[in-house]
Amino acid sequence: MPQRASHRHQIVVSVTLIAVTGLVTGFIGCSSSKSTTEPTPEPVTDGPNWFEDVTDAWGIDFLHDAGPTGNYYTPQPMGSGAAAFDFNGDDLLDVYLLQFGGPNSKSVNRLYRQTAPGKFQDVTAGSGLDVSGHNHGVAVGDVNNDGKPDVLLTQFSGIKLFLNLGGGKFADITAESGLVNLSWGTSAAFLDYNLDGWLDLVVVNYLDYDPNRECRFTTGELDYCGPSKFPGTKSKLYRNRGPQSAPGKPPSVAFEDVSFASGIGRLVGPGLGVTPADFNGDGWPDIFIANDGEPNRLWINQKKDDAFADEAVSRGVAYSAMGKAYAGMGVAVGDVNNDGLVDLYVTHLGDQFHTLWRQGPRGQFRDKTVDAGLTGTKWRGTGFGTLMADFNNDGALDIAQVNGRVLRGGPGSDTGLGFWEPYAEKNQLFANDGTGKFRDISPANKAFCDLWNVARGLIAADFDRDGGVDLLVTAIGTRARLYKNVAPNRGHWIAIRALDPKLNREAYGAEVRVRAGGKEFVRLVNPADSYLCSGPQILHFGLGTADSIEWVQVTWIGLDGPRKETFPGGATNRVLTLKRGEGKSS
Amino acid sequence: MKANLPPSQPNPSPEQNPDSPLPVVTPPTTVNPRSRRRVWILVSVAVLVLGGIGAWWWIRNSDRPPDPPLPPAIADEEVKQAIEKARAKVLASPRSADDWGAYALVLLVHDFEREAETCLVEAARLNPSDPRWPYARSLIARKRDPDNAPKYLRQAIDTNGNPRYVSAARFALAEVLLERQEIDSAEQLFRQELGPDPGHPRAVLGLAQVAMARGDEPTATKLLMSVRENVHARKQATALLAVLARTRGDEQSALRFQDESNNTRAEGWPDPLLDRIHDLHVGKAGRERRIEMFERQGQYAEALREYRELLAKEQTPKVLTGAALNSLRVGNHDEALRWVRQAVKLDPNDAQRQYLLALILYSKVEMQWARTPGFAGAKESLEEVIGATKRATELKPDHAGAYWIWGLALKYLDDPKAALEPLRKGLTISPDDFELHLTLGQVLASTGDKPGAEVSFENARKIDPNDPRPGQELDKLRQK
């Protein structure tokens, strides 16, 4: 009996234990099931750190004025860009940064001169570029072929052209030039589309904005409006008719609006990004425009009567592989797999994939985002400025992009960005393995990628001339930042300037090929890509282990057709200036 | 556990405390084994009962749905009522998956995604075999957490529930997988959809894309051609056909398909859930969505009806302007003018409103002029038109339409030279505007600039070769 009693006792204890354990496991179960819905910390993957922030050390103290916040003026979150160009011809890249404080703001655009490698000095005062306004984009090109780069600004409801007079002075010649754009201008690019030797201009226009339209975030708070709330506008093409001079008047340049004749002004599209290039290989520059939520345009040059035809659909760049018109913002152009053909990368919203269209055969593109490994990124973001550059000089173009939302709902907290915090995101960096496949190395690149920002503009340039491509980032309402390239074990490199002495300027539209280490690398003379920005006119080639180059081939464009010239190779790790007519015709 | 207890007090013993009263000594008792067993049984039963109650209490409470969430602030009273009504149903029957789901959809359509997500989790927990709830979660995930969307789509498919929703989930998953180049899995899903509905255009389009991804261009072309006439597939199918034609070097076909695609309006695929939840959209935003839909479809009388209902509640400048515009569209100029004047009075600093005022006034003048050229009062009306267009272009310097009306008014006032400037400005903004070119041509002709007029008429003809007016104007010009 005692045994039975003891047995019963055990049953009671067991039942009680089961009940208690049930409760306990129930709680454990609850808590564990809850934890699965919480984000798990992202394991930090190994990867090279390529950049360090040298903004202060290099003397850039630019703070972006976004204008008054709280009235949700939709042009505001589109941000402002920057230009990297050598305005004074001392072979050092200078920096021009744009403000968005509005026409009556005290905040003016700032010009920084690089006085020595890695040392910038604010030379804004008296430069003539010290203008305020709702400034979005900038394009740089020598419009009068005097050897000095001129500056074009796009604004909300306007454009401005500044002629470089030399000596660090610029003159506003907008009125005399005949340039008029009353629409909402964003990115712009200079190109010589009719091959007459004068740089023409394409200005991308965005939305037909109505400031009385009110938009709200899902939580009911006021917010900026997305592009679907307004109709798109038509972009502009202006033909440069060359310099004009009249007695007693300062020098000027005359532009003619050929938007209608060209066809570019006939199709609406909320345009944000632009890059010109000879995409179909016929020797005539074409124009790619990234549209926000509408099909992109690939304007193919018809070679006469200023005419262009949009062939984006049949050439495969209007839509993603799934036939979606994503929210196109920034554009990067470059040959990611070294097959001799330039590819296109366009940034989109964070809930979409950013798309890589690979070219091949010439003039035809296919969405190869998945093949390139660009869908499995460590985090997502709304991408704006983007570019391809060989940051570690291994002979393969990497991709950098800067992010920041246009509608609230971002994950950032304690960012110190105040009003802009709900829009903040982190930037991204993708390393090319040499075959056109990318690895996300953002977590390892804390300086560039671990900072919350509402970034818009991005420029890649070897500012300090040490052979490594640095980065310049503009962001809304905060400091512009310079990141010095500190990539370990960088490969060899060559930097090339392609000049046309007859035109007295950089040979915009030329294609430069370098052969080294048994491989060929291609770059285009075109400072207009990314978003709202103008990059350097000097071409940087990473060459990996090749310590000499075999040859350089330049395809110059002109009315006499594309002309190829080959220049002898030689040592690497230097800047090479190639002039049209000095190479061997081939 | 011990560490958290208060320090135990030592039991005072008589020896240690001589002042304590003497302890009562109880005589030793003999314990009956039967009564001992009875005690054990009673204790056991009590413990069992308590344990059972505990277990029941725990199961009951752990299974008890949480309180349905309520969005923190709902400004629109109509939306608030709809949400509260749906929530009240959940409170009344907290174990009803349908009520949780219905509430989630009301929240979802009014953009309260976080709260909707909470409700969908509960709905799916209460009825795991209903595909609607994981499918709705996938819709939210596609916006907020796109990498997790496939998980919910798979859950929806695995329910084997209502075939309409399972099918929608399968298509959505197939397309997500296709975008991620998981070709074989995507193909399998598309083929499953072809089973019950051979020739389903969405599945055929998907399989065409699968074929393209595999480089099987003849198959892709064949499949795309078979769905080219489908209203939902046409835009995408012709875009892909254009790409394929260029790939095989057939530029003519490439351009033809490209034009077809560019000229085809994108029509999304029907969605059993999205199509349904739009009907749940109430309040101001819901009405605005309906108005937008009516206007897009050219159903202006229906749009006007909505505006009239809104006007009964609030006579804001925005509502008055919308009502005026749709009134103009259905030909009721007087009503339109009355409303737009009221709107402008309330808020004169709106370009669109000023433009609409000018447009309505101008339309009235034009009609009356046709009956009685130079009628009394025309000049005053036209001057008011010009005033409104000037204000519109001050407020919005890129308002091409306002420049056009401004030019037209000056043309009627017989001041063609003054009309040139606004018309040219309008063309700077909108160089492909047929009416601006035509009007500029007419104005140039009346100033005697025949070559200029000819260019403008030719431009207009280029923009719309089917409109006879530029040709007629050119004939008139050449006869002069």
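Those sequence lines, one after another, are chains F and A. Just so you know, we're using my numbering here: the first sequence kicks off at 1 and counts up by one. Just so you know, we're using my numbering here: the second sequence kicks off at 1 and counts up by one. Backbone N, C-alpha and C define an ideal beta-carbon position, used for all residues, glycine too. Here the structure is a predicted model, which is why all the values come from computation and not from measurement.
- Residue contact check for residue 311 (chain F) against chain A: a CB pair falls below 8 Å.
- Runs of alpha helix (DSSP H) with 4 or more residues, each lying fully within the stretch 327 to 362 of chain A, are found at 333 to 346, listed in chain order.
- Note that the stretch 250 to 264 of chain A does not touch the stretch 281 to 297 of chain A; fewer than 3 beta-carbon pairs, one per stretch, sit closer than 8 Å.
- A contact is defined here as three or more CB-CB pairs under 8 Å, and the stretch 199 to 211 of chain A meets this definition with respect to the stretch 231 to 249 of chain A.
- Sequence-ordered contacts of the stretch 254 to 270 of chain F with chain A read 257, 259, 260, 265, 266 [C-beta pairs closer than 7 Å].
- Taking a C-beta distance under 8 Å as the contact criterion, residue 276 (chain F) and residue 286 (chain F) qualify as a contact pair.
- Contact between the stretch 510 to 517 of chain F and the stretch 57 to 75 of chain F is absent: fewer than three C-beta pairs spanning the two stretches fall below 8 Å.
- When the beta-carbon positions are compared, residue 189 (chain A) and residue 164 (chain A) stay at least 8 Å from each other.
- In the structure shown, residue 224 (chain F) adopts coil according to DSSP, grouped into three states.
- Residue 93 (chain A) is classed as exposed because its beta carbon has fewer than 16 other beta carbons within 10 Å across all chains shown.
- Comparing alpha-carbon positions, the option among A:358, A:322, A:306, A:367 lying closest to residue 387 (chain A) turns out to be A:358.
- Per DSSP, residue 95 (chain A) lies in no alpha helix (DSSP H) segment and is marked neither H nor E.
- Spanning the alpha carbons of residue 448 (chain F) and residue 459 (chain F) requires a straight line of approximately 13 Å.
- Taking a C-beta cut-off of 9 Å against chain A, none of the residues of the stretch 69 to 96 of chain F qualify.
- Excluding the 5 residues flanking it on each side, residue 458 (chain A) has same chain C-beta neighbours closer than 8 Å at 470, 474, in chain order.
- Here residue 546 (chain F) is buried: its Cβ has 16 or more other Cβ atoms, across all protein chains shown, within 10 Å.
- Comparing alpha carbon positions, the residue from F:351, F:239, F:284, F:231 closest to residue 267 (chain F) is F:231.
- Going by beta carbons, residue 48 (chain F) and residue 464 (chain F) fall outside the 8 Å limit.
- For residue 186 (chain F), the uninterrupted beta strand (DSSP E) run begins and ends at 185 to 191, by DSSP.
- Bounds of the beta strand (DSSP E) holding residue 121 (chain F) are 119 to 122.
- Excluding residues up to 5 positions away in sequence, nothing lies with its Cβ nearer than 6 Å to the Cβ of residue 397 (chain A) in the same chain.
- Residue 234 (chain F) belongs to the set of residues whose beta carbon lies under 8 Å from a beta carbon in chain A.
- In the three-state DSSP reduction, residue 480 (chain A) falls in the coil class, being neither helix nor strand.
- Across the stretch 352 to 365 of chain A, CB contacts with chain F closer than 7 Å involve 352, in sequence order along the chain.
- Taken residue by residue, none of the stretch 111 to 143 of chain F has a beta-carbon sitting less than 7 Å from a beta-carbon on chain A.
- Taking C-beta atoms under 8 Å as the contact rule, residue 270 (chain F) and residue 206 (chain F) qualify, at a distance of about 5 Å.
- Shown here, residue 93 (chain F) sits in coil according to DSSP, grouped into three states, outside any helix or strand.
- Residue 139 (chain F): not part of any alpha helix (DSSP H); member of the beta strand (DSSP E) spanning 135 to 141, first to last residue.
- With 16 or more other Cβ atoms inside 10 Å of its own Cβ, residue 325 (chain A) counts as buried.
- CA-to-CA, the gap between residue 354 (chain A) and residue 300 (chain F) works out to about 40 Å.
- For residue 473 (chain A), the secondary structure class from DSSP, reduced to helix, strand or coil, is helix.
- Identification of chain F residues near residue 262 (chain A) by a Cβ-Cβ cut-off of 7 Å yields 313, ordered along the chain.
- A residue is called buried once 16 or more other Cβ atoms fall within 10 Å of its Cβ, and residue 42 (chain A), having fewer, is exposed.
- Within its own chain, the residues whose Cβ lies closer than 7 Å to the Cβ of residue 422 (chain F), once the five positions on either side in sequence are excluded, are 408, 409, 410, listed in chain order.
- Under a 10 Å Cβ-count criterion, residue 478 (chain F) is classified as buried, with 16 or more other Cβ atoms of the shown protein chains found around its own Cβ.
- Remark: fewer than three beta-carbon pairs, one from each stretch, lie closer than 8 Å, so the stretch 299 to 318 of chain F and the stretch 369 to 378 of chain F are not flagged as touching.
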